[in-house]
Amino acid sequence: MSNVTTVPHMKLSWHDINSRPSANSTTSSFMGMTDKTGDILQKRPYILKNVYGVAEPGEVLAIMGASGAGKTSLLNILTQQNLQGVALSGKIKVNGVEVDANLLRRVSAYVQQTDLFIGSMTVYEHLNFVANLRMGRTSTKDQIEKRINFLIDELGLRKCAKNVIGWPHKEKGISGGERKRLAFASEVVTAPPLLFCDEPTSGLDSFLARQVIQVLKNLAAKHRMTIVVTIHQPSSQVFELFDKICFMAEGRVAYFGTIPKAIEYWSRLGKAIPKNFNPADHIINTLAIKKKIEIKCQKEVKQICDNFDACEAGKELYDAAVGMRRGAHPSFLTFDDLVESDPKLRNKTAHQYKATYCQQLRFLIHRGLLVTIREPMLLKVRLFQSIAIALILGLVYWQTPINQETVMNVNGLIFQSISNLNFMFQFVIVYLFCDELPIFLREHHSSLYRVDAYFIAKMIADIPQFVLYPVVFSTIVYWMVGLNATAWSFFIFLLCGTLVTNVAISIGYMASCIFSSVGVAVAIMPIFTIPLLAFSGFYINIANLPWYFAWLRYFSYFGYAFEAMSINEWVNHDTIDGCTIIPGTNTTVPHNCYPSGQDVLKIYSFDASHEYLNIFLLIVLIVAIRGIAFLALLRKARATN
Numbered sequence: 035m036s037n038v039t040t041v042p043h044m045k046l047s048w049h050d051i052n053s054r055p056s057a058n059s060t061t062s063s064f065m066g067m068t069d070k071t072g073d074i075l076q077k078r079p080y081i082l083k084n085v086y087g088v089a090e091p092g093e094v095l096a097i098m099g100a101s102g103a104g105k106t107s108l109l110n111i112l113t114q115q116n117l118q119g120v121a122l123s124g125k126i127k128v129n130g131v132e133v134d135a136n137l138l139r140r141v142s143a144y145v146q147q148t149d150l151f152i153g154s155m156t157v158y159e160h161l162n163f164v165a166n167l168r169m170g171r172t173s174t175k176d177q178i179e180k181r182i183n184f185l186i187d188e189l190g191l192r193k194c195a196k197n198v199i200g201w202p203h204k205e206k207g208i209s210g211g212e213r214k215r216l217a218f219a220s221e222v223v224t225a226p227p228l229l230f231c232d233e234p235t236s237g238l239d240s241f242l243a244r245q246v247i248q249v250l251k252n253l254a255a256k257h258r259m260t261i262v263v264t265i266h267q268p269s270s271q272v273f274e275l276f277d278k279i280c281f282m283a284e285g286r287v288a289y290f291g292t293i294p295k296a297i298e299y300w301s302r303l304g305k306a307i308p309k310n311f312n313p314a315d316h317i318i319n320t321l322a323i324k325k326k327i328e329i330k331c332q333k334e335v336k337q338i339c340d341n342f343d344a345c346e347a348g349k350e351l352y353d354a355a356v357g358m359r360r361g362a363h364p365s366f367l368t369f370d371d372l373v374e375s376d377p378k379l380r381n382k383t384a385h386q387y388k389a390t391y392c393q394q395l396r397f398l399i400h401r402g403l404l405v406t407i408r409e410p411m412l413l414k415v416r417l418f419q420s421i422a423i424a425l426i427l428g429l430v431y432w433q434t435p436i437n438q439e440t441v442m443n444v445n446g447l448i449f450q451s452i453s454n455l456n457f458m459f460q461f462v463i464v465y466l467f468c469d470e471l472p473i474f475l476r477e478h479h480s481s482l483y484r485v486d487a488y489f490i491a492k493m494i495a496d497i498p499q500f501v502l503y504p505v506v507f508s509t510i511v512y513w514m515v516g517l518n519a520t521a522w523s524f525f526i527f528l529l530c531g532t533l534v535t536n537v538a539i540s541i542g543y544m545a546s547c548i549f550s551s552v553g554v555a556v557a558i559m560p561i562f563t564i565p566l567l568a569f570s571g572f573y574i575n576i577a578n579l580p581w582y583f584a585w586l587r588y589f590s591y592f593g594y595a596f597e598a599m600s601i602n603e604w605v606n607h608d609t610i611d612g613c614t615i616i617p618g619t620n621t622t623v624p625h626n627c628y629p630s631g632q633d634v635l636k637i638y639s640f641d642a643s644h645e646y647l648n649i650f651l652l653i654v655l656i657v658a659i660r661g662i663a664f665l666a667l668l669r670k671a672r673a674t675n
């Protein structure tokens with residue numbers, strides 16, 4: 035393909051593929067596979083049994099079958115995806131040479147059934163992001179640009195190149211067919227010789243489905259790619275586009291070959307395809323296990339599979355899958371030849387990512403900022419919410435004078451500000467981050483970028499909005515209420531508000547990374563935050579906390595912020611109107627009033643010297659909580675690999 039180094043054409047073969055549920059829910063190695071106990075689990079039912087086949091360069095092979103036939107299981111094995119809890123055995127070869135999963139992934143691409151994109155990006159921006167991360171280490175900017183434009187033209191995306199992709203069920207964007215072609219373009223950026231597609235026509239009408247398969251056929255023919263797809267029940271127009279078909283039934287191969295020979299083979303079985311009937315529908319129907327006659331159907335399917343194994347076509351296919359040797363196909367390079375041309379392929383960690391770390395950070399930050407700018411809920415609604423709540427508080431506490439009657443009012447305002455800054459943003463970040471996690475996991479597993487690059491870029495890209503909102507909120511509240519009219523006090527108030535907001539969203543990140551669903555994360559967070567709110571020092575004096583709860587105050591970011599902001603407000607009030615100390619005594623008139631700001635702090639057991647310590651501890655909490663979030667995200671990425 036244009037602007038990309040040509041790689042050898044690759045013939046993919048597999049034979050004696052067997053899979054069963056694994057007792058210990060672990061997946062074995064790529065070839066000669068058993069579970070950790072060494073037991074191939076003889077008593078467990080097969081998912082796949084003695085499956086074999088060959089996919090040729092320049093052809094589109096369709097793996098078909100009824101639900102439960104084993105087509106998705108076979109594709110998972112060929113792509114080494116979603117194999118948790120499966121014990122495997124068998125051989126997979128490229129150009130006659132057995133390969134491990136890591137090397138196979140390096141020379142193949144996988145288009146999954148569900149298309150996941152950042153909906154606020156345009157088609158061109160998405161391809162620019164993917165191309166730079168997949169070609170950045172070895173290609174110039176001009177080469178990448180040419181490659182993007184080549185793919186846009188090749189896959190018919192020119193008309194929608196500047197259109198926003200859109201979010202499914204949320205925001206209108208490009209059509210289903212265009213989304214699928216964009217998915218293909220994303221995966222063939224580096225011209226992989228092997229391309230796997232899981233249900234590429236899922237959710238498309240017959241016209242769009244034909245367009246999508248025609249695109250694959252053109253890619254295979256024009257660039258000698260080896261393309262393997264699974265498909266459930268194609269229309270006759272789509273069915274006729276496939277070069278080879280593999281019908282699966284009950285985990286076995288029922289037929290493998292061309293469409294004309296399939297029609298002929300089914301006629302010989304006495305199950306001729308009716309005139310003007312979709313051959314795919316008829317064949318899949320004969321291989322389906324129907325309710326109430328399961329045993330009869332299973333016997334018929336077994337006989338069909340046995341017949342194919344025993345027929346000349348089945349034997350030739352098996353021999354081709356097993357017996358390919360160096361020299362047998364002079365037009366192909368073996369995998370050893372490929373490694374000789376690029377020895378770094380043998381190193382499983384060398385250049386796993388095609389972009390440098392700095393390139394990964396740059397493009398991830400750029401994408402994160404684009405999402406923020408173009409997402410109305412983030413930018414407009416949250417800004418409006420910050421202004422509206424700040425105005426309400428400002429009106430309620432408008433120009434509060436400092437006297438004995440208003441001390442509690444000022445303290446209430448400070449605590450109310452902290453509480454609002456926490457709950458305005460903590461929960462929304464869970465929904466936003468959880469929505470993006472599936473995209474992150476897919477892109478990371480495709481070796482687009484590292485986990486730490488994504489996490490750091492996410493934090494950096496979020497800085498502008500989660501500084502803007504608390505600054506706007508705090509500025510409005512501070513001057514409407516009439517707190518200390520000094521620049522330094524105002525700065526400390528802004529700083530504390532910003533830090534509280536960022537501790538809150540750090541907890542949101544942590545919950546999103548630890549728990550598997552939005553619902554669980556949202557349900558668990560109050561269990562964590564409400565006790566910290568209670569032990570902040572506002573509702574109960576920290577000096578009076580029961581010993582078995584006293585330790586919790588050291589984790590209360592509400593407490594650190596409340597103490598710092600209270601000190602900031604009261605420490606410079608040497609006197610408070612309405613309170614007189616009787617000379618020579620500690621008695622005040624009226625009783626229990628506050629002669630100075632220091633006395634207000636004493637009521638809460640606050641230490642005026644701890645202002646900057648509290649600010650420092652808020653920063654420590656942000657770093658620590660985000661560190662936990664990163665470790666949880668790293669664990670999740672490894673667990674789903």
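For any residue, its number in the working numbering is found by taking its place in the sequence shown, counting from 1, and adding 34.
From the three backbone atoms N, C-alpha and C, an ideal C-beta is built for every residue, glycine too.
Contact annotation: the segment 138 to 156 touches the segment 227 to 237, with at least three C-beta pairs closer than 8 Å. It is roughly 16 Å from the alpha-carbon of Thr174 to the alpha-carbon of Ala225. Our two residues, Tyr638 and Ala577, have alpha carbons roughly 8 Å apart in a direct line. Of the candidates Ile561, Tyr299 and Lys325, Tyr299 places its Cα closest to the Cα of Ala344.
Spanning the alpha carbons of Phe592 and Gly211 requires a straight line of approximately 50 Å. If only complete runs of 4 or more residues are kept, the segment 585 to 672 shows the alpha helix (DSSP H) at 591 to 604 and 631 to 637, in order along the chain. With a cutoff of 8 Å on beta-carbon distance, Ala666 and Cys547 are scored as near each other.
Excluding residues up to 5 positions away in sequence, Val94 and Leu275 lie with their Cβ nearer than 6 Å to the Cβ of Lys251 in the same chain. DSSP places Tyr512 in the uninterrupted alpha helix (DSSP H) bounded by Val485 to Val515. Distance check between Met282 and each of Val534, Ile338 and Lys196 places Ile338 closest, using alpha-carbon atoms only.
The residue among Arg215, Gln114, Phe457 and Phe218 with its C-alpha nearest the C-alpha of Val537 is Phe457.
Taking Ser600 as reference, the option from His644, Ala568 and Met559 with the minimal CA-CA separation is His644. The beta carbon of Ser270 sits closer than 6 Å to the beta carbons of Asn312 from its chain, once the five residues preceding and following it are set aside; these are given in chain order. Each residue's CA atom was taken as its position, placing Ser630 and Glu439 some 13 Å apart.
Three or more Cβ pairs closer than 8 Å define a contact, and the segment 543 to 557 meets that threshold against the segment 455 to 475. Between Arg484 and Gln394, the CB-CB gap stays under 8 Å. Fewer than three beta-carbon pairs drawn from the segment 485 to 493 and the segment 404 to 417 are found closer than 8 Å, and the two stretches are therefore not classed as touching.
Its chain contains Leu475 as the residues whose beta carbon lies nearer than 6 Å to that of Thr674, once the 5 sequence neighbours on both sides are disregarded; these appear in chain order. Burial state of Tyr588 is exposed, judged by a 10 Å Cβ sphere holding fewer than 16 other Cβ atoms. Distance from the CA atom of Leu189 to the CA atom of Val85, rounded to whole angstroms, is 33 Å. For Leu82, DSSP records a beta bridge to Ser53. In the DSSP assignment, the residues bridged to Gly87 are Trp48. Straight across, the Cα-Cα distance linking Tyr503 with Leu417 is about 6 Å. Between Gly402 and Ala296, the gap from beta carbon to beta carbon reaches 8 Å or more.
With respect to Leu528, Val505 sits close: the two C-beta atoms are nearer than 8 Å. In this chain, the alpha helix (DSSP H) harbouring Met442 covers Val441 to His479. By the criterion of at least three beta-carbon pairs nearer than 8 Å, the segment 309 to 323 is not in contact with the segment 127 to 140.
Beta-bridge pairing by DSSP links Leu122 to Ser53. Shown here, Lys330 sits in a helix according to DSSP, grouped into three states. Bridge pairing for Arg286: Ala283 [DSSP]. Sixteen is the threshold: when 16 or more other Cβ atoms of the shown chains lie within 10 Å of the Cβ of Pro227, as they do, the residue is buried.
By the criterion of at least three beta-carbon pairs nearer than 8 Å, the segment 236 to 251 is not in contact with the segment 152 to 169. Burial is judged here by how many other beta carbons sit within 10 angstroms of a residue's own beta carbon; Gly348 has at least 16 and is buried. When the five nearest sequence neighbours on each side are left out, the beta carbons in the same chain lying within less than 7 Å of the beta carbon of Gln419 are those of Met458, in order along the chain. Counting the other CB atoms within 10 Å of its CB gives Val654 a total below 16, which places it among the exposed residues. In the three-state reduction of the DSSP assignment, Met559 falls in the helix class.
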